[in-house]
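J.:
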Amino acid sequence: MNIIEITNLTKVYDKETIPVFALNGIDLTFKSGEFTAIVGPSGSGKTTLLNMLGGLDNPSSGKILVNNTDITQLTSSRLIDFRLRNIGFVFQSFNLIPVLTAKENVEFIMQLQGTEKKQREQRTLELLKSVGLEEKSNVRPNKLSGGQQQRVAVARALASRPRFILADEPTANLDSKSADNLLEIMEKMNREEDITFIFSTHDARVVAKARRVITLVDGKISEDVFKNQ
Amino acid sequence: MVVLIAFKNVWRNKVRSLVVITAIFLGLMGGIFTASIITGMVEQKIRTGINNETAHIQIHHPEFMRNLEPGYRIVHPDSIVKLISEIPAVQGVCARTRITGMAASPNSSAGVQILGVDPLREKMVSNLFETIPDSSGGFFTGSRKNQLVLGRKLADKLKVKLKSKVVLRFQNGDGNLSEAAFTVNGIFQTANNVFDETNLFVRKSDMDQLTGEAGSIHEIALLLRDIGTIPVVQRELRVRLPHLAVQNWTEIRPEMGMITSAVSIEVYIILGIILFALAFGIVNTMLMIVYERTRELGMLMAVGMSKSRIFRMIMLETIFLTTIGGVLGMVLSATLVSLFHRRGIDLSAFSDGLGAYGFDPKIYPFITMKLYLYLSVMILLTGILSAIGPARKALKLKPVEAIRVE
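So the protein lines, in turn, are chains A and B. The opening position of the first sequence corresponds to residue 1242 in the working numbering, with each subsequent residue numbered one higher. The opening position of the second sequence corresponds to residue 18 in the working numbering, with each subsequent residue numbered one higher.
1. Closer than 8 Å by C-beta to GLY66 (chain B): which residues in its own chain qualify, once you throw out the five before and the five after it? Chain order, please.
2. Would you decide whether HIS93 (chain B) is buried or exposed? Buried here means 16 or more other CB atoms lie within 10 Å of its CB.
3. Does the region 281 to 290 of chain B come within contact of the region 80 to 90 of chain B, defined as at least 3 CB pairs closer than 8 Å?
4. Quick check: is the beta carbon of GLN1352 (chain A) nearer than 9 Å to any beta carbon in chain B?
5. Rounded to whole angstroms, what's the CA-CA distance from THR1342 (chain A) to ARG329 (chain B)? Just pull it up for me.
6. Do you know how far the Cα of ARG1319 (chain A) is from the Cα of LEU1325 (chain A)?
7. What residue range does the beta strand (DSSP E) around GLN1389 (chain A) cover?
8. Leaving out five residues before and five after LEU1369 (chain A) in sequence, what residues of the same chain have Cβ atoms less than 7 Å from its Cβ?
9. Might you give, ordered along the chain, the residues of its own chain that have their beta carbon closer than 8 Å to the beta carbon of MET1351 (chain A), omitting 5 neighbours on each side?
10. For the alpha helix (DSSP H) containing ARG329 (chain B), list its first residue and its last residue.
11. Note down the Cα distance separating ILE1321 (chain A) from SER323 (chain B), rounded to an integer number of angstroms.
12. Between the alpha carbons of ILE76 (chain B) and ASP173 (chain B), how many angstroms are there, rounded?
13. Counting only C-beta atoms, is GLY1387 (chain A) closer than 9 Å to chain B at any point?
14. By alpha-carbon positions, which one of B:ILE290, B:ILE49 and B:PHE24 ends up nearest to VAL348 (chain B)?
15. Using the beta-carbon of each residue, which ones in chain B are nearer than 7 Å to SER1283 (chain A)?
16. Am I right that ILE247 (chain B) and LEU241 (chain B) are in contact with their C-beta atoms under 8 Å? What's the rounded C-beta distance?
17. If you check the beta carbons only, do ALA408 (chain B) and THR311 (chain B) fall under 9 Å apart?
18. For GLN1470 (chain A), does the three-state DSSP call read helix, strand or coil?
19. Counting only Cβ pairs nearer than 8 Å, list the residues of chain A close to GLY313 (chain B).
20. At the level of alpha carbons, what is the spacing between GLU253 (chain B) and PRO105 (chain B)?
21. Since I believe ALA127 (chain B) is in contact with LEU175 (chain B) (beta carbons under 8 Å), could you give me their beta-carbon distance rounded to a whole number of angstroms?
22. Which of the three DSSP states, helix, strand or coil, is assigned to ARG83 (chain B)?
23. Against chain B, which members of the region 1289 to 1316 of chain A pass a CB distance test of less than 8 Å?
24. Would you give the residue range spanned by the alpha helix (DSSP H) that PHE1332 (chain A) belongs to?
25. Would you tell me roughly how many angstroms separate the C-alpha atoms of VAL370 (chain B) and THR302 (chain B), rounded to the nearest one?
26. Below 8 Å on C-beta distance, what does ILE54 (chain B) contact in chain A?
27. Throw me the rounded Cβ distance for the PRO1403 (chain A) and ILE1338 (chain A) pair, which I believe falls under 8 Å.
28. In or out: ASN1336 (chain A) buried (at least 16 other Cβ within 10 Å) or exposed?
29. Whose C-beta lies closer than 6 Å to the C-beta of SER368 (chain B) among residues of the same chain, with five residues either side of it excluded?
30. Taking ILE1244 (chain A) as part of the beta strand (DSSP E), name the residues at either end of that continuous run.
31. Taking contact to mean at least 3 C-beta pairs separated by less than 8 Å, is the region 1403 to 1419 of chain A in contact with the region 1436 to 1454 of chain A?
32. If I measure Cβ to Cβ from VAL300 (chain B) and keep anything under 7 Å in the same chain, skipping five residues before and after, which residues do I get?
33. Given this structure, state the Cα-to-Cα distance separating ILE22 (chain B) from MET1293 (chain A), to the nearest angstrom.
34. Return yes when the Cβ of VAL256 (chain B) is within less than 9 Å of the Cβ of ILE74 (chain B), no when it is not.
35. What first and last residue would you give for the alpha helix (DSSP H) that runs through ARG113 (chain B)?
36. So what's VAL17 (chain B) in DSSP terms, helix, strand or just coil?
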């Protein structure tokens, strides 16, 4: 089942002067449970594509249907709510809330969704356990290593039970051991809980684990490979 | 959680938050203390003015206050005094004669207001007798006739002391001049130099012998148990004594009433300026906070925090910052005001200058609950208004750009 359908997606910067096509007529579909890496050289449009998928940026033309909702047509406030209920984000630089503990960072998203306290606490505990950080639940981000912070970020991304998770260079700021550990956790979640992950990455380890690899060059898809099929 | 984040955010940059909080509480403390000194000075001036000079309400012949002609008298005052005494709100009432005349000693002379009083009744209305130091005699002691009590300033001007003779000369209601020698029995000293220099007191019975008009007076003064009942009592007396002028202290001494209003405005202006300056400090701090946290705000929007929640978070952070500073400032200023209210601030070095304007050289700072309530609301309002600009700035951020900011 397709959870994302992209049709003729184009993003043009500096339309008035010298137009630069960050994305140039992309057509793509993503199925539930995919573990996909979007790769390509710098400036190929990976991050732009991820931003469009996450409803963080508007395309110049084209459609993005997420579960039959064209997110390019949503107002900014409806997009915020849409993101809250449908999309999980993992950023390159972790982006946790520094004044909150690991537990509070995870719980925060569910609170925004209006989840009841008991359910919130239970799910937070489960998620921190699944990323191996239940003992660090009351620790603030500045007392956690980069790898631990990114694992909290993964737990936070999963907290809202999103349809898919967008991870922009999630291993870029991690040492290789932490990166391997993080990838194992995400792969396990994908395999066991059928959670859809879409990565934008330069990291060969991510590409090696991905079951689908989309290569972008100059804003166009140059290759779309399903490795396990 | 928004409330929790906002509160925790206040302590993220402790030094900066403490600087803002300190600025708020020092500003407020300075403002409140200054206001309390001004209010204390004025409150004292009014209290002593009422207690020593005007009382709460005075009754005269309608023409008397215009030109102080001795002919404008109130006849049969006893029945009026009895009527007033029966009003429950009235604490004391006295009848006086008031004549403009000349006081002369062997060395000097001065124009004065001569007040003929019944000492016992006068003490029920005026505290003037309490301003006579032990070494300066009393307020009509003994039964000797033609005693006189005058102010320190006038005594100095006439170069007289206790038991000195002073000749009083004035025009009677029938136009003839009367004069008699009086002995100084007491010398009072109020905070009002002008009053002390222009007023002297004699027994009304002695004055009556000189004027030959024992059955009439010029002035009835009354002191109420509660200053708040002035309008009610004044209205009642105006109805019951329609042929007489019934005036309250602000009508008798309009400058005293004006000082009260002017000082209230002055206090509000001082505090307004302080709050205005604080608002700029808060705006600056909150703008810095928004710029510093651009990436975090972008992330919050990206993960689904609505604009209204982000707005609320920044507003709450400002309100916490302002409230902490405000509460500290108000508590410390209340302590400071209360401490100095008990001890007083001695400005005797400037007593001549202050006395010329009727101010006591010992000031007891004082602040009203109304002003505290006004300040609480104003501080909160300042915080809220100051935060609107920075919070709006945060809402204009685009998550896609904000999360890229280093």
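Even for Gly, the Cβ is constructed at its ideal location relative to N, Cα and C.
T.: The structure says:
1. ASN209, TRP266, ARG270, MET273 and GLY375
2. exposed
3. With a cut-off of 8 Å, the region 80 to 90 of chain B and the region 281 to 290 of chain B do not count as touching, because too few Cβ pairs lie within range.
4. So, interface residue.
5. 21 Å
6. 10 Å
7. GLN1389 (chain A) -> not in any beta strand (DSSP E); alpha helix (DSSP H) instead, spanning 1387 to 1400.
8. ALA1343, LYS1344, VAL1347, GLU1375, SER1378 and ALA1396
9. If the five residues before and after MET1351 (chain A) are omitted, its C-beta is found closer than 8 Å to the C-beta atoms of GLN1360, ARG1361, ARG1364, THR1365, ALA1400 and SER1401, all from its own chain and listed in chain order.
10. 324 to 360
11. 6 Å
12. 32 Å
13. no
14. Checking every option, the nearest Cα to that of VAL348 (chain B) belongs to B:ILE49.
15. Those within 7 Å of SER1283 (chain A) in chain B number zero; the least Cβ separation is about 14 Å.
16. 6 Å
17. Not closer than 9 Å, so no.
18. Residue placement at GLN1470 (chain A) is poorly supported in this model, since its pLDDT is 46, which falls under 50; the coordinates still yield a value, given next. In the structure shown, GLN1470 (chain A) adopts coil according to DSSP, grouped into three states.
19. Residue identity differs from the one stated: residue 313 (chain B) is Glu in this sequence, not Gly. Neighbours of GLU313 (chain B) on chain A, chain order: ASN1336, ILE1338 and PRO1339.
20. Linking GLU253 (chain B) to PRO105 (chain B) through their CA atoms gives a straight-line distance of about 12 Å.
21. 6 Å
22. helix
23. ASN1292, GLY1295, LEU1297 and ASP1298
24. That residue, PHE1332 (chain A), is in no alpha helix (DSSP H); it is neither H nor E in DSSP.
25. Residue identity differs from the one stated: residue 370 (chain B) is Gly in this sequence, not Val. So the two alpha carbons sit approximately 44 Å from each other.
26. Under the 8 Å cutoff, chain A gives no residues; its nearest Cβ is about 42 Å from ILE54 (chain B).
27. About 18 Å; that fails the 8 Å criterion.
28. With 16 or more other Cβ atoms within 10 Å, it is buried.
29. Contacts found: PRO378.
30. 1243 to 1254 is the extent of the beta strand (DSSP E) around ILE1244 (chain A).
31. yes
32. SER403, GLY406 and PRO407
33. 29 Å
34. The criterion of a C-beta distance shorter than 9 Å is not satisfied by ILE74 (chain B) and VAL256 (chain B).
35. Premise fails: ARG113 (chain B) lies in the beta strand (DSSP E), 107 to 121, not in any alpha helix (DSSP H).
36. Outside the displayed range of chain B (18 to 423) lies residue 17 (chain B), so it cannot be described from this structure.
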